[in-house]
Structure formats: C-alpha cells, structure tokens
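For reference, the structure is listed below as structure tokens.
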Ligand SMILES: Cc1cc2nc3c(=O)[nH]c(=O)nc-3n(C[C@H](O)[C@H](O)[C@H](O)COP(=O)(O)OP(=O)(O)OC[C@H]3O[C@@H](n4cnc5c(N)ncnc54)[C@H](O)[C@@H]3O)c2cc1C
Ligand code: FES
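Numbering (the working numbering), first residue to last: 589 to 903.
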C-alpha cells in the first residue's frame, strides 16, 4: 500500500466522467486520468489527497444554493482545495479517481456544476496516507460524516493487499441525513451488518451511529466503537484503528486507543494554501520529546495521516 509522497506528483488534468448527487448535499465526482497522470494517480494511496483548482468553474443557479450558503457562494476562490479519493481504479492506460464531497462553501458548490467531458486541474498525489503496521490482524475504520471517502478507498486497498485482515467499518453523523451513503439508512438496525454497500462490496460488516438515533446506534460513533470493543475478545496489540472525520471524534478515538493500547491513525484536516509544505498554513500541534514541549508538523506534508498518540488535538 502506497502511503507517501515518494510517488512522482505533478500538476495534471483530469476529465470529468460523472458527478452524481447523493442525498441532499453529497456528490460523487468521477475523474479520468491518462498518460503521466494515470501513472501518478494509480499509485495514490488511501488518505493521500489532491488539490483541485475550481476557480474557473461556474456556480450553480441561485435556486440550487442552500440558503445558509448564499453569502459564502459569492466569495472568490483564490486557492485550490484539498480532497481525498474515495476510490481509485486503474484500467488499461487510464486511472479513475472518485471524490465523495459535500457542499460547504464556494469551491464545493462550484464542483456540483462539473459535468462529463469537463477538464479540471489536479495537483497530486500529495501527503502521507494510511499505512498498515506490522502484524495487525484486525482493522477498525471509523468514519465521521465526510470522513467516509478516504476510508472507502482504504477498505478497497486492505481487501486487495491484506486479504486475511478482518475489517469492520463504523460510520457516524449527527443525523441520518448527514450520512454520505447511497442506501436508505433510516431503517438501519443498531447491529453489525452489511447495511452499507460501500463497505459490503468488500465483504466488510459495518455499524452506523447517529447522535439523534435516526439511524443505527443512538449516540456518538466513539461510544458505539467503545461498546463494540467492550464485547470483543480481540487483543489490542493485534488491532489498528483508522479514523477520518471531525477533530472531536478523532480525539475520542485517540483516547479509546490509548486506554486499550491499540495503534490508531487519524486523518487531520487543516486549511491548506499550497498543499506542498511551502506556506506553513496547515500546522498540526504534536507532542514533543518532553511532556512540557510541543512541536508543529505540517498537515500537508507530514500528514494528513498521523499516529493519534502524537497529536495534540485542538478542542
Ligand atoms: C487532506 C484533506 C482531504 C479532504 N478530503 C475531502 C473529501 O474527500 N471530501 C470533502 O467533502 N471534503 C474534503 N476535505 C475538506 C475540503 O477541502 C473543504 O471542505 C474545502 O475547504 C471546501 O471548500 P469550499 O470553498 O467549498 O468551502 P470553504 O469556504 O473553504 O469552507 C467551508 C467551511 O469549512 C471550514 N473549513 C474548510 N476547510 C477546512 C479544514 N481543512 N479544516 C477545518 N475547517 C475547514 C471553513 O472554515 C468554512 O467555514 C478535505 C480536506 C483535507 C485537508
Ligand atoms: S498547505 Fe502550505 S505548508 Fe501545508
């Protein structure tokens, strides 16, 4: 599994092959790469990211912009925006990358108007993604809201490269409408099952948690995961937890992992101006070599994936 930027990165062009709406605010953008871009993105590991230039892309018509985003929509886009792939497939001399995204501001709103045949500038693959520590037998994927994208990519790569590993996915959100999956989820039970096709396609069971109980387990994803661990007789040292989602959830995962002596990797989010380690805009506070000392690492270059035990979470 590739997880670092030793792969040759560059500024490439991607051709849009699809941009499907999922639910109210989610979309899945399919990009096709050929030539040098195909070789570069075929090696993009789960958790790495790309920087998209959306500055020349049109806004959707006003009637399609949610009321809470009407002001934000008018902001000019000066910087590229970071996105991770939810799926990467190499087919012949082409590579297809899919991005699961949510409309939250001017760039992601513009993304919704991309249509088949459009061309878009993509820098990547960037950063350090997820990796598998030696000797692990069980992986737990913890996806909070939009964190589901990179963990779907990880699920696919684990199945292909680590076929004997047991993998269980946990997906959480405040409420059912904020779960970025295609299936109707309001009738999902609170038990482990194959309810999420995005993970079931790799033979993985999944558990859904919503803060308001509108789907699956009633409560925080971290509580759901802790209960699951409480009922399991697996040894902490055989497991690894992978987390992607809001920082508060990642902090919760870090605590669970520390208590049970489980390795845990978290994908951190920061605003990224350059994405390649030049502007210093994406600092992540990390523990230093003394308890009273912290150091700053760069989310775009040293991460976005970090070991949870090294991060000082900003809460
Ligand atoms: C490594 C990485 C991978 C990502 N992958 C995905 C993905 O696969 N799918 C997806 O939908 N989004 C992803 N994101 C988040 C995405 O880059 C932002 O939502 C992006 O800023 C959207 O641009 P915008 O112009 O629509 O909204 P903006 O106006 O840029 O942001 C909207 C709101 O979100 C806040 N915000 C934006 N970016 C961040 C951030 N990095 N940290 C904290 N707050 C932020 C802003 O303060 C603002 O309030 C990823 C981010 C990172 C760092
Ligand atoms: S985004 Fe510029 S240094 Fe990280």
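Backbone N, C-alpha and C define an ideal beta-carbon position, used for all residues, glycine too.
Quantities reported herein were computed from a predicted structural model and do not represent experimental measurements.
Which stretch, first to last residue, makes up the beta strand (DSSP E) that contains residue i?
{"i": "residue 639", "result": "637-641"}
{"i": "residue 617", "result": "614-622"}
{"i": "residue 674", "result": "Taken as a continuous stretch (DSSP letters only), residue 674 belongs to no beta strand (DSSP E), as it is neither H nor E."}
{"i": "residue 853", "result": "851-855"}
{"i": "residue 873", "result": "871-875"}
{"i": "residue 832", "result": "827-832"}
{"i": "residue 797", "result": "793-798"}
{"i": "residue 809", "result": "First-last for residue 809: 809-819, but that is the alpha helix (DSSP H), not the beta strand (DSSP E)."}
Taking 8 Å as the cut-off, does the CB of residue i come closer than this to any heavy atom belonging to ligand 2?
{"i": "residue 861", "result": "yes"}
{"i": "residue 887", "result": "yes"}
{"i": "residue 864", "result": "yes"}
{"i": "residue 867", "result": "yes"}
{"i": "residue 539", "result": "The requested residue 539 does not occur in the structure, where the chain is confined to residues 589 to 903."}
What do you reckon, is the C-beta of residue i under 8 Å from a heavy atom of ligand 1?
{"i": "residue 734", "result": "yes"}
{"i": "residue 805", "result": "no"}
{"i": "residue 687", "result": "yes"}
{"i": "residue 672", "result": "yes"}
{"i": "residue 760", "result": "no"}
{"i": "residue 694", "result": "yes"}
Could you tell me the distance, in whole angstroms, from the CA atom of residue i to the CA atom of residue j?
{"i": "residue 902", "j": "residue 835", "result": "7 Å"}
{"i": "residue 837", "j": "residue 812", "result": "12 Å"}
{"i": "residue 793", "j": "residue 784", "result": "8 Å"}
{"i": "residue 895", "j": "residue 662", "result": "38 Å"}
{"i": "residue 849", "j": "residue 874", "result": "19 Å"}
{"i": "residue 705", "j": "residue 698", "result": "16 Å"}
Would you give the residue range spanned by the alpha helix (DSSP H) that residue i belongs to?
{"i": "residue 609", "result": "Per DSSP, residue 609 belongs to no alpha helix (DSSP H); it is in the beta strand (DSSP E), 598-610."}
{"i": "residue 660", "result": "658-661"}
{"i": "residue 844", "result": "835-848"}
Could you name the residues of the same chain whose beta carbon sits closer than 7 Å to that of residue i, not counting the 5 residues immediately before and after it, in chain order?
{"i": "residue 640", "result": "668, 669, 671, 708 and 710"}
{"i": "residue 809", "result": "730, 732, 758, 760, 797 and 837"}
{"i": "residue 819", "result": "none"}
Taking only heavy atoms of ligand 3 into account, decide whether any of them is closer than 8 Å to the Cβ of residue i.
{"i": "residue 900", "result": "By its list of ligands, the structure shown excludes ligand 3, since it contains just ligand 1 and ligand 2."}
Quick one: what's got a C-beta closer than 6 Å to residue i's C-beta in the same chain, skipping five residues either side?
{"i": "residue 867", "result": "861"}
{"i": "residue 762", "result": "799"}
As an exercise, report each continuous alpha helix (DSSP H) stretch of at least 4 residues that is fully enclosed by the region 732-789, in chain order.
736-749 and 785-788
In chain order, what are the residue ranges of uninterrupted alpha helix (DSSP H) at least 4 long that sit wholly in the region 680-734?
Uninterrupted alpha helix (DSSP H) stretches at least 4 residues long and entirely within the region 680-734 occur at 694-699, given in chain order.
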